[in-house]
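Student: One structure, as structure tokens, below. Some questions next.
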Ligand code: APR
Ligand code: ZN
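Below you can see the structure in the form of structure tokens.
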């Protein structure tokens with residue numbers, strides 16, 4: 001089973017911003033204000049504006065050749081796709097069972113009762129929860145200081161992977177940043193696919209834009 005961890009670099013060429021590259025989201029927004037529970041409590045409208053803009057951007061974007069290559073690989077081999085990304089470009093490229101460990105722009109969550117539903121394109125904190133009616137609607141994404149989702153499934157996947165691939169991620173945010181070390185500890189070969197080395201310890205690496213290097217890597221595997 002091939003375990004693929006993806007980050008913002010996978011969707012960069014689809015026009016969705018990365019976080020820490022030059023001009024990245026965290027150079028233009030204060031993550032404390034828009035990506036923490038404290039920020040949401042202080043100014044829910046600002047947080048919804050931030051995610052409404054990202055949701056509109058993602059809705060107008062298209063999967064790139066790297067998304068399509070991963071879907072092609074998953075159709076031919078056992079592949080576990082774990083993404084830190086909140087966009088749905090992998091699903092729109094035909095990938096299945098994508099594990100969004102940082103949640104999804106397409107999801108809405110009630111901060112009061114925990115109800116989840118599919119998010120409209122534009123959300124407001126005043127939207128009443130369909131379950132309890134509270135005006136406590138938030139994006140169903142994982143903020144700093146919150147627990148990512150799917151960690152048990154991820155641990156199980158890392159334990160039985162025959163190859164670990166980190167694609168388009170800077171390896172700066174835990175627990176995702178620690179997965180490569182978990183794979184190494186399990187004796188699993190590790191590969192980095194990125195624009196440039198992230199500094200993580202990988203057995204092998206291929207570097208360049210994802211839309212170029214990922215299709216080539218998949219073609220090599222399926223040859
Ligand atoms: N092709 C391949 N890799 C790319 C490309 C590209 N065209 N463009 C950028 N990259 C790489 C960068 O080299 C970098 O390693 O994508 C990575 C982007 O790093 P970050 O912006 O830190 O994004 P990511 O690693 O996904 O961030 C992890 O941090 O803020 C949180 O929740 C957020 O999920 C995010 C997490
Ligand atoms: Zn509710």
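In the numbering used here, the protein residues as written are 1 to 223. Note that the Cβ used here is the ideal one computed from N, Cα and C, for glycine as well.
Apart from the five residues on each side of it in sequence, which residues of its chain come closer than 7 angstroms, Cβ to Cβ, to residue 145?
Tutor: In the chain shown, counting from the first residue as 1, residue 145 sits at position 145. Excluding sequence neighbours, residue 145 sits near 36 and 37.
Student: Near residue 71, which residues of its chain fall below 6 angstroms by C-beta distance, leaving aside the five closest residues on each side in sequence?
Tutor: Start at 1 with the first residue of the chain shown, and residue 71 comes out as number 71. The answer, listed in chain order, is 93, 94 and 95.
Student: Can you give me the Cβ contacts of residue 74 inside the same chain, cut-off strictly under 6 angstroms, excluding the 5 residues immediately before and after it?
Tutor: Start at 1 with the first residue of the chain shown, and residue 74 comes out as number 74. So the qualifying residues of the chain are 95.
Student: Which residues are close to ligand 2, meaning CB closer than 6 angstroms to any heavy atom, in chain order?
Tutor: Qualifying residues, in the order they occur: 110, 112, 113, 115, 129, 131, 132 and 134.
Student: Tell me the start and end of each unbroken alpha helix (DSSP H) in the stretch 54 to 118 that is at least 4 residues and wholly inside, in chain order.
Tutor: 65 to 76 and 89 to 92
Student: Assuming contact is defined by CB atoms lying nearer than 8 angstroms, are residue 44 and residue 175 in contact in what I supplied?
Tutor: Counting from 1 along the chain shown, the entry for residue 44 is found at position 44. Counting from 1 along the chain shown, the entry for residue 175 is found at position 175. Contact: no.
Student: Is it the case that the CB of residue 195 approaches a heavy atom of ligand 1 more closely than 7 angstroms?
Tutor: Numbered from 1 along the chain shown, position 195 holds the residue referred to as residue 195. Yes - ligand 1 has a heavy atom lying nearer than 7 angstroms to the Cβ of residue 195.
Student: My guess is that residue 212 and residue 200 are in contact by the Cβ rule of under 8 angstroms, so how many angstroms apart are they, rounded?
Tutor: Counting from one through the chain shown, the residue named residue 212 turns up at place 212. Counting from one through the chain shown, the residue named residue 200 turns up at place 200. About 21 angstroms; that fails the 8 angstroms criterion.
Student: Considering only the beta carbon of each residue, do residue 136 and residue 110 sit closer than 8 angstroms?
Tutor: Locating residue 136 in the chain shown gives position 136, where the first residue counts as 1. Locating residue 110 in the chain shown gives position 110, where the first residue counts as 1. Closer than 8 angstroms, so yes.
Student: Nearest-angstrom Cα distance between residue 172 and residue 99?
Tutor: On the chain shown, residue 172 is found 172 positions in, with the first residue counted as 1. On the chain shown, residue 99 is found 99 positions in, with the first residue counted as 1. So the alpha carbons of these two residues sit roughly 19 angstroms apart.
Student: Please state the DSSP three-state secondary structure of residue 192.
Tutor: Sequence index remark: in the chain shown, residue 192 carries index 192 (1-based). Strand at residue 192.
Student: Quick check: the Cα distance between residue 241 and residue 106, rounded to an integer number of angstroms?
Tutor: For the chain, the structure presents residues 1 to 223; residue 241 sits outside this window and is missing.
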